[in-house]
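**Student:** Dropping a structure here in structure tokens format, bear with me for questions.
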Amino acid sequence: MRQVLEAFGRIALFVLVLFLWSWAIGQELSHIIDTAIIAGGVLLIFPIAWVGRNMLDRNPTTSRAVWVTTIVHYAVVILGGVAIIRAIETHQQWSGWLLPIPTKLGFVLVILTGAASLLSVINLALKGLGAPFAVALSRKLAVDWLYAWTRNPMVLAVLALGVSMGIWFQSLMFLLWVLILFAPALLTYVKVFEERELEIRFGASYLEYKSRTPMLFPRRPRG
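So in this note's numbering, spot 72 of the sequence shown is number 100, and the numbers just go up one at a time.
Here it is as structure tokens:
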């Protein structure tokens, strides 16, 4: 019964994510509200990561890690996702210099980094038996394929996709938003919260994997 309720809870949260994301598309909002969403939504990820970490450390058990991770993941996905959507929707309104880079190059990079993001999702599904957005937390520790080169291929691909979109838009402001706000927030979340919850759920196997595999930038697997 508990598993059924948890499944329904995850589905309900995922539906909420889709609803809020779809709401964010095409909305006519004031500049002040858009700025609050684009900047504030990302900045809120920092305290969420630390609050989630504190909740894990109070009682570092697997069962607690599962439900805390589910709540924290969805909070980050909602805030970060809506912020990204509004940033994409309004990037043409942002003042700032245009990047002197051909849009065709940016488009090619978006395709490549988008494909890399999809591959990382497939990798997690096949090797970790999980899915992004906490729809299904990984039941196994993914350590093969892309995950043999970096512990966070999905994060790396998403950040690369954000940079690629800034180049495609020729928007220096969008690019700076990705590099100065979004990237630090996402990496803080991974370092402060996600690594801790993986330590709790997978124990020594994760610590061993962590010791031999870089956090972000790929390195040829040892051995």
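Using N, Cα and C, we set each Cβ at its ideal position, and we do this for glycine too.
Please read all numbers here as calculations on a predicted model, not as lab measurements.
1. Check A93 in the structure and name its three-state DSSP category.
2. Name the residue from R114, L157, G190 whose alpha carbon lies nearest to the alpha carbon of G142.
3. First and last residue of the alpha helix (DSSP H) that includes V186?
4. Hey, out of V218, R240, E236, L244, whose CA is closest to A77's CA?
5. Taking the DSSP output, what are the residues bridged to A164?
6. What first and last residue would you give for the alpha helix (DSSP H) that runs through G80?
7. So what does DSSP say about L126, is it helix, strand or coil?
8. Helix, strand or coil: how does DSSP classify Q121 here?
9. Under the rule that 16 or more other beta-carbon atoms within 10 Å means buried, what is R247, buried or exposed?
10. What would DSSP say about I53, mapped onto helix, strand or coil?
11. Just to confirm my understanding: we take R240, look at its own chain, exclude 5 residues before and 5 after, and list those with CB closer than 6 Å. What are they?
12. Alpha carbon to alpha carbon, how far is Y234 from Q55? Give it in angstroms, no decimals.
13. Where L5 and L207 are concerned, what is the direct C-alpha to C-alpha distance, given to the nearest angstrom?
14. So, with DSSP's three-state summary, where would you put M201?
15. Taking 8 Å as the threshold (C-beta atoms), are L174 and S148 in contact?
16. Would the beta-carbon of T131 fall within 8 Å of that of W196?
17. Since G69 and A111 are thought to touch, with beta carbons under 8 Å apart, how far apart are those beta carbons, to the nearest angstrom?
18. Which class does D62 belong to by DSSP, given the choice of helix, strand or coil?
**Tutor:** Per the coordinate set shown:
1. Within the sequence shown, residue 93 is the residue found at index 65, counting from 1. If DSSP states are grouped into helix, strand and coil, A93 belongs with the helices.
2. In the sequence shown, the residue the question calls residue 142 occupies position 114. Among R114, L157, G190, the Cα nearest to that of G142 is on G190.
3. As a working mapping, residue 186 is identified with position 158 in the sequence shown. Residues 181-197.
4. Here residue 77 corresponds to residue number 49 of the sequence shown, with the count starting at 1. That would be V218, whose Cα lies nearest to the Cα of A77.
5. Here residue 164 corresponds to residue number 136 of the sequence shown, with the count starting at 1. Answer by DSSP bridge pairing, in chain order: A159.
6. For the purposes of this step, residue 80 is identified with residue 52 of the sequence shown, where counting begins at 1. That run of the alpha helix (DSSP H) goes 73-86.
7. To locate residue 126, count along the sequence shown from 1; it is residue 98. Looking at L126 - three-state DSSP - the assignment turns out to be strand.
8. Numbered from its first residue, the sequence shown carries residue 121 at position 93. Helix, per DSSP.
9. Along the sequence shown, read from residue 1 onward, the residue named residue 247 stands at position 219. Exposed.
10. For the purposes of this step, residue 53 is identified with residue 25 of the sequence shown, where counting begins at 1. The answer is coil: DSSP assigns I53 none of H, G, I, E or B.
11. Position 212 of the sequence shown holds residue 240. Cβ within range, chain order: R250.
12. What you label residue 55 is simply residue 27 of the sequence shown in a count that begins at 1. What you label residue 234 is simply residue 206 of the sequence shown in a count that begins at 1. Their backbone Cα atoms lie some 42 Å apart in a straight line.
13. One cannot answer for residue 5 here, as it falls past the ends of the chain, which runs 29 to 251.
14. To locate residue 201, count along the sequence shown from 1; it is residue 173. Helix.
15. Here the question's residue 148 lines up with position 120 in the sequence shown. Here the question's residue 174 lines up with position 146 in the sequence shown. The answer is yes: Cβ separation under 8 Å.
16. The residue labelled residue 131 in the question sits at position 103 within the sequence shown. The residue labelled residue 196 in the question sits at position 168 within the sequence shown. In this structure, W196 lies closer than 8 Å to T131 by Cβ.
17. The residue given as residue 69 occupies position 41 in the sequence shown. The residue given as residue 111 occupies position 83 in the sequence shown. Their Cβ separation, rounded to whole angstroms, is 4 Å, which keeps G69 and A111 in contact under 8 Å.
18. Reading the sequence shown from its first residue, position 34 is the one you call residue 62. DSSP places D62 in helix when its eight states are reduced to three.
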